[in-house]
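Trainee: So that we are looking at the same thing, I have put the structure below in structure tokens.
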């Protein structure tokens, strides 16, 4: 069962090589660490996070680790952690549930997609596969260093362990206090060095997202049950209740934040997959008893096939979601000196700076109509007619770059859907100007 899951993760890694703005901090930080090596005294002021700090400061522990192992290893680490979880599922529920768990994970697009993304969200999954009895130290590290909001999820798991007496108070204090102190010292020490100021990144993130509630600036959803519509499994038995209650509690508590995205509850996917696999196993094991179970078995197989088909379609769509990252390769062979403005959320990162004569810029404080835009040899931006018109005196369109636009369904053709591409980006070239000679 490891093979299909590993193959799924590899295909997403190699076909979706670019990242968008939300994923860029870790990727840019890994680039800077790899490119500038250990000459921090000379190059640290030139690190991308000083020039483009973003909304909140994120920890450098993840990028330091990834720069050592490289990005592909993140997908391998997530796969190995899920395999470890599968072995525990096999021990608790049997081989059928374990097999269905593997198939569900392998065919689940978002889980495999984010397992190869350089996001702070993906890194904790590696540590969350530990059994309850040995998860204290890893969970403390995850909360303090990577994702402070996981204190809700892991706190509920901890409470369940205390109530069921699988964990004692003294045992909790024995492991949690040293692990917490070490994790805090580690993140404050390393991140203060890289950010050039005394900082605990996850403290800033928690303050920004919860106390100030500024995450709502990036969009809101008005129902607190938003996550439940697509995340909760339909079948439950006594043995899965301990797994599901903390998961449901975390999703419910986190749903009170106005800004909601599926990736924010990615940590719960493996647990929900275990519960779903247990329910599917119950149906399959009772296949011969009643016609309802036979129908249910067909539904179980059908949902796995549908899940795999959806993941394949999503993979194709996502491949066209990073037009900037794909297109920038075409210009890297030009030898002349060029100053280029890039739109970061199109998939462009420092790893695509393949020409030393090029200078790339992704300032967020300027836009079409700003005087500084006239100094750029090339501008890569959204194909917006109004924005293009603002630059008509200084730049001319050189090429339009297509990306995913929409999907149309047609029951009378095969395949019954078609992916439509549209102009998403435009590459503008500066016209000769006496005031700004090339």
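Numbering (mature numbering (1 follows the signal peptide of the UniProt record, and there is no 0)), first residue to last: -24 to -1, 1 to 414.
Glycine residues also receive a C-beta, built at the ideal position from the N, C-alpha and C atoms.
Treat the numbers as computed from the prediction; the structure is a model and nothing was measured.
(1) So, helix, strand or coil for residue 384, using DSSP?
(2) Considering just the uninterrupted stretch of the beta strand (DSSP E) at residue 354, what are its terminal residues?
(3) By the 10 Å Cβ neighbour count, where 16 or more other Cβ atoms means buried, how is residue 449 classified, buried or exposed?
(4) Return the first residue and the last residue of the alpha helix (DSSP H) that residue 167 is part of.
(5) If I'm right that residue 178 touches residue 120 with Cβ under 8 Å, what's the distance once you round it to whole angstroms?
(6) Find out if the Cβ-Cβ distance for the pair residue 123, residue 154 is shorter than 8 Å.
(7) Using C-beta distances below 8 Å, list every residue in its chain close to residue 156, excluding the 5 sequence neighbours before and after it, in chain order.
(8) Does DSSP put residue 236 in a helix, in a strand, or in coil?
(9) Give the straight-line distance between the Cα atoms of residue 175 and residue 276, rounded to the nearest whole angstrom.
(10) Applying the 10 Å Cβ sphere with the 16-neighbour rule, what's the burial state of residue 51?
(11) Pull up the distance between the alpha-carbon of residue 281 and that of residue 253, whole angstroms please.
(12) Tell me whether the beta-carbon of residue 269 lies closer than 8 Å to the beta-carbon of residue 129.
(13) Over what stretch of residues does the beta strand (DSSP E) that includes residue 364 continue unbroken?
(14) Quick check: the Cα distance between residue 377 and residue 58, rounded to an integer number of angstroms?
(15) Determine, using beta carbons only, whether residue 251 and residue 216 come nearer to each other than 8 Å.
(16) Identify the residues that DSSP records as bridge partners of residue 378: which are they?
(17) Span of the alpha helix (DSSP H) holding residue 246?
(18) Look at the Cβ atom of residue 221, then the Cβ atom of residue 136, and state whether they are nearer than 8 Å.
(19) Helix, strand or coil, according to DSSP, for residue 271 in the structure here?
(20) So, for residue 118: in the same chain, excluding its five sequence neighbours on each side, which residues have a beta-carbon less than 6 Å away from its beta-carbon?
(21) Does the Cβ-Cβ distance between residue 83 and residue 283 come in under 8 Å?
(22) Work out the CA separation of residue 384 and residue 397 for me, nearest whole Å.
(23) Whole angstroms is fine: what's the gap from residue 141's alpha carbon to residue 75's?
(24) Could you tell me which residues DSSP puts in a beta bridge with residue 393?
(25) Take every Cβ of the segment 388 to 408, pair it with every Cβ of the segment 365 to 380, and state whether three or more of those distances are shorter than 8 Å.
(26) How big is the Cα-Cα spacing for residue 240 and residue 164?
(27) Can you find the residues in the same chain that come closer than 7 Å, C-beta to C-beta, to residue 53, ignoring five residues on each side of it along the sequence?
(28) Return the residue from the list 97, 285, 33, 264 that minimises the CA-CA distance to residue 183.
(29) Which value, in whole angstroms, describes the spacing of the CA atoms of residue 291 and residue 150?
(30) What's the C-alpha gap between residue 7 and residue 171?
(31) Should residue 68 and residue 78 be called a contact, given that it needs their Cβ atoms to be closer than 8 Å?
(32) For residue 2 and residue 148, which I take to be in contact (beta-carbon distance under 8 Å), what is that distance rounded to the nearest angstrom?
(33) What separation, rounded to the nearest whole angstrom, lies between the Cα atoms of residue 37 and residue 158?
(34) Just to confirm the assignment, what range does the alpha helix (DSSP H) spanning residue 178 have?
(35) Between the alpha carbons of residue 233 and residue 97, how many angstroms are there, rounded?
Mentor: Taking the coordinates as given:
(1) As a position in the chain shown, residue 384 is number 408, starting the count at 1. Looking at residue 384 - three-state DSSP - the assignment turns out to be strand.
(2) The residue labelled residue 354 in the question sits at position 378 within the chain shown. Here the beta strand (DSSP E) through residue 354 covers 354 to 358.
(3) Past the boundaries of the shown model lies residue 449; the chain is included only from -24 to 414, so the question cannot be answered.
(4) In the chain shown, counting from the first residue as 1, residue 167 sits at position 191. Unbroken alpha helix (DSSP H) run through residue 167: 145 to 171.
(5) Mapped onto the chain shown, residue 178 falls at position 202. Mapped onto the chain shown, residue 120 falls at position 144. Indeed they touch by this definition, with Cβ atoms about 6 Å apart.
(6) Numbered from its first residue, the chain shown carries residue 123 at position 147. Numbered from its first residue, the chain shown carries residue 154 at position 178. No, the Cβ-Cβ distance between residue 123 and residue 154 is not below 8 Å.
(7) Numbered from 1 along the chain shown, position 180 holds the residue referred to as residue 156. The residues are 116, 120.
(8) Counting from 1 along the chain shown, the entry for residue 236 is found at position 260. Three-state result, residue 236: coil.
(9) Numbered from 1 along the chain shown, position 199 holds the residue referred to as residue 175. Numbered from 1 along the chain shown, position 300 holds the residue referred to as residue 276. Computed Cα separation, rounded: 49 Å.
(10) Taking the first residue of the chain shown as 1, we reach residue 51 at position 75. It counts as buried.
(11) Residue numbering aside, residue 281 sits at position 305 when the chain shown is read from its first letter. Residue numbering aside, residue 253 sits at position 277 when the chain shown is read from its first letter. Each residue's Cα considered, the two are about 15 Å apart.
(12) As a first step, residue 269 is located in the chain shown; it is residue number 293 there, counting from the start. As a first step, residue 129 is located in the chain shown; it is residue number 153 there, counting from the start. Taking 8 Å as the Cβ cut-off, residue 269 and residue 129 do not qualify as a contacting pair.
(13) If you number the chain shown from 1, residue 364 lands on position 388. Careful: residue 364 lies outside any beta strand (DSSP E), inside the alpha helix (DSSP H) at 361 to 366.
(14) Here residue 377 refers to the residue found at position 401 when the chain shown is read from its first residue. Here residue 58 refers to the residue found at position 82 when the chain shown is read from its first residue. Taking the straight line joining both Cα atoms gives about 38 Å.
(15) Mapped onto the chain shown, residue 251 falls at position 275. Mapped onto the chain shown, residue 216 falls at position 240. Their beta carbons are under 8 Å apart, which means residue 251 touches residue 216 by this criterion.
(16) Numbered from its first residue, the chain shown carries residue 378 at position 402. Paired residues: 399.
(17) Sequence index remark: in the chain shown, residue 246 carries index 270 (1-based). Note, residue 246: alpha helix (DSSP H), 245 to 261.
(18) The sequence position of residue 221 within the chain shown is 245, counting from 1. The sequence position of residue 136 within the chain shown is 160, counting from 1. Their beta carbons are under 8 Å apart, which means residue 221 touches residue 136 by this criterion.
(19) Walking along the chain shown from the start, residue 271 turns up at place 295. Residue state, collapsed to three classes: helix.
(20) On the chain shown, position 142 is the one that residue 118 refers to. Closer than 6 Å at the Cβ level, and outside the excluded window around residue 118, lie 100, 103, 126.
(21) Translated into the one-based positions of the chain shown, residue 83 becomes position 107. Translated into the one-based positions of the chain shown, residue 283 becomes position 307. Yes, the pair counts as a contact, with Cβ atoms nearer than the cut-off.
(22) In the chain shown, counting from the first residue as 1, residue 397 sits at position 421. In the chain shown, counting from the first residue as 1, residue 384 sits at position 408. In a straight line, the C-alpha of residue 397 is about 11 Å away from that of residue 384.
(23) If you number the chain shown from 1, residue 141 lands on position 165. If you number the chain shown from 1, residue 75 lands on position 99. Cα to Cα, the separation comes out at about 30 Å.
(24) Position 417 of the chain shown, counted from the start, is the residue given in the question as residue 393. DSSP, once it has assigned bridges, lists 385 as partnering residue 393.
(25) yes
(26) Residue mapping note: residue 240 aligns to position 264 of the chain shown, counting from 1. Residue mapping note: residue 164 aligns to position 188 of the chain shown, counting from 1. Approximately 24 Å, taken between the alpha carbons.
(27) For the purposes of this step, residue 53 is taken as residue 77 along the chain shown, with counting starting at 1. Around residue 53: 102.
(28) As a first step, residue 183 is located in the chain shown; it is residue number 207 there, counting from the start. Closest option to residue 183, Cα to Cα, is 33.
(29) Counting from 1 along the chain shown, the entry for residue 291 is found at position 315. Counting from 1 along the chain shown, the entry for residue 150 is found at position 174. Spanning the two alpha carbons is a distance of roughly 45 Å.
(30) Residue mapping note: residue 7 aligns to position 31 of the chain shown, counting from 1. Residue mapping note: residue 171 aligns to position 195 of the chain shown, counting from 1. So the two alpha carbons sit approximately 16 Å from each other.
(31) Walking along the chain shown from the start, residue 68 turns up at place 92. Walking along the chain shown from the start, residue 78 turns up at place 102. Their beta carbons are not under 8 Å apart, which means residue 68 does not touch residue 78 by this criterion.
(32) Residue numbering aside, residue 2 sits at position 26 when the chain shown is read from its first letter. Residue numbering aside, residue 148 sits at position 172 when the chain shown is read from its first letter. The Cβ separation is near 31 Å, so there is no contact.
(33) Taking the chain shown and counting its residues from 1, the one referred to as residue 37 is at position 61. Taking the chain shown and counting its residues from 1, the one referred to as residue 158 is at position 182. Using only the alpha carbons, I get a separation of about 13 Å.
(34) Counting from 1 along the chain shown, the entry for residue 178 is found at position 202. Counting along the chain, the alpha helix (DSSP H) containing residue 178 begins and ends at 177 to 182.
(35) Mapped onto the chain shown, residue 233 falls at position 257. Mapped onto the chain shown, residue 97 falls at position 121. Roughly 17 Å separates the two Cα atoms.
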